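**Student:** Sharing a structure below in structure tokens format, with a few things to ask.
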Amino acid sequence: MSTCFDNLNGKKLVIGLVHLLPMVSTPLYQEGFLDKMTKKAISDCLALKENGADGGLIQTVDVFYPSGDDTDYARVAGLAAVTARVRDAVGPNFIIGAQIMMNCITPSLAVCKAAGADFTRCSALVGRVETLYGIMEGQPLKVAEYRKKIDAMNIGMLSEISGYHHVGEYSSTEIQNLAQTSMRMGADAIEVCDRDFARNERLVQDVKAAGNFPVILGGATSADNCKERLCYADGALVGTAFEGGKWGGPIIGSIVAEYVRNVRELEEELNKA
């Protein structure tokens, strides 16, 4: 069953990050936040859609995060409510992702299934990562069984193997093993990111050499550098750059439009090459 990461045929996905307020049941939640974050998510995704982006990834920003897969029911219900409202606002022809941070993969799949979203991001589908919030350990069997149980095979899984949350010393062999294992365990695309241009390009090429899998950059792109950084990758998640440098702020349509214009120019240049 195909997902939003299949059959790109040279298209490079531009997906904006939609940062929410602390969710219901988390320590920093305040009364009224759910309504505020719903309005922000709708506004951000409309700004993305109206300015040519392919989609938006709606993420919980709770400051305090569980390191495991499970989470409180209220977080799941809250994100599902927000995501469903966004889907109603943007219509069917816009890619929506939903992620309960940090690595709540099965709850995120449930959100996507209930709210009509297209994919989720997995901070650690495979492997073991030490974070400030505790140790994240991949549970691919649990994820695969639950995904099958709720008939969510058409909901894409983007597996981060090197970047913001999945970190470690660089090894081409390790990167390729993580990419291959992720794809065998059900991932539909691989996410990598490094602020250093040369290392970022090496990451993409190492993953491509492992199996020519779809590769999405997890960050460090802007309207100024996207043509250079996306030369070999298949798309990017874009956060602060779309928020005018103010993390967590509203997405600015004019910045999205400039970024998308540059990416579409790159697509044309590569198609002619």
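Heads up: the sequence shown begins at 16 in my numbering, then just goes up one per residue. Think of the CB as a built atom: it goes at the ideal place given N, C-alpha and C, for glycine as much as any other residue. None of the values given here were measured: they were computed from a predicted structure.
#1: In whole angstroms, what is the alpha-carbon distance linking Thr-135 and Gln-114?
#2: Measure from the alpha carbon of Thr-255 to the alpha carbon of each residue in Gly-233, Arg-244 and Leu-245, then state which is nearest.
#3: From the DSSP output, in three-state form, read off Phe-20 for me.
#4: For Glu-65, count the other beta carbons within 10 Å of its own beta carbon; 16 or more makes it buried, fewer makes it exposed. Which is it?
#5: Run through DSSP, which three-state label would Arg-199 get?
#6: Whole angstroms are fine: how far does the CA of Gly-264 sit from the CA of Leu-140?
#7: Rounded to whole angstroms, how far is the Cβ of Ser-187 from the Cβ of Asp-221, which I believe are closer than 8 Å?
#8: Quick one: Cα of Ile-231 to Cα of Ala-204, how far?
#9: List the DSSP bridge partners of Ala-204.
#10: Have a look at Lys-164, Gly-83, Thr-86 and Leu-193 and flag the residue whose alpha-carbon is nearest the alpha-carbon of Ser-177.
#11: Classify Phe-257: buried if its beta carbon has 16 or more other beta carbons within 10 angstroms, exposed otherwise.
#12: Which residue spans inside the stretch 43-117 form an unbroken beta strand (DSSP E) run of at least 3?
#13: Name the two residues that bound the continuous alpha helix (DSSP H) containing Thr-255.
#14: So which of Asp-249, Pro-81, Glu-280 and Asp-103 has the shortest CA-CA distance to Met-117?
**Tutor:** Concretely, from the data shown:
#1: Near 6 Å, if we compare the C-alpha coordinates of Gln-114 and Thr-135.
#2: Selected option, being the one with the closest Cα: Gly-233.
#3: Of the three classes helix, strand and coil, the one that applies to Phe-20 here is coil, per DSSP.
#4: By the 10 Å Cβ count, Glu-65 comes out exposed.
#5: Looking at Arg-199 - three-state DSSP - the assignment turns out to be helix.
#6: So the two alpha carbons sit approximately 29 Å from each other.
#7: Their Cβ separation, rounded to whole angstroms, is 5 Å, which keeps Ser-187 and Asp-221 in contact under 8 Å.
#8: If you take the alpha carbons of Ile-231 and Ala-204, they lie about 7 Å apart.
#9: Per DSSP, Leu-173.
#10: Looking from the CA of Ser-177, the closest CA among Lys-164, Gly-83, Thr-86 and Leu-193 belongs to Leu-193.
#11: Buried, because 16 or more other Cβ atoms sit within 10 Å of the Cβ of Phe-257.
#12: Assignment of beta strand (DSSP E) within the stretch 43-117, counting only whole runs of 3 or more residues, yields 70-74 and 110-114 in chain order.
#13: Counting along the chain, Thr-255 falls outside any alpha helix (DSSP H), and DSSP gives it neither H nor E.
#14: When Asp-249, Pro-81, Glu-280 and Asp-103 are compared, the shortest CA-CA separation from Met-117 is found for Pro-81.
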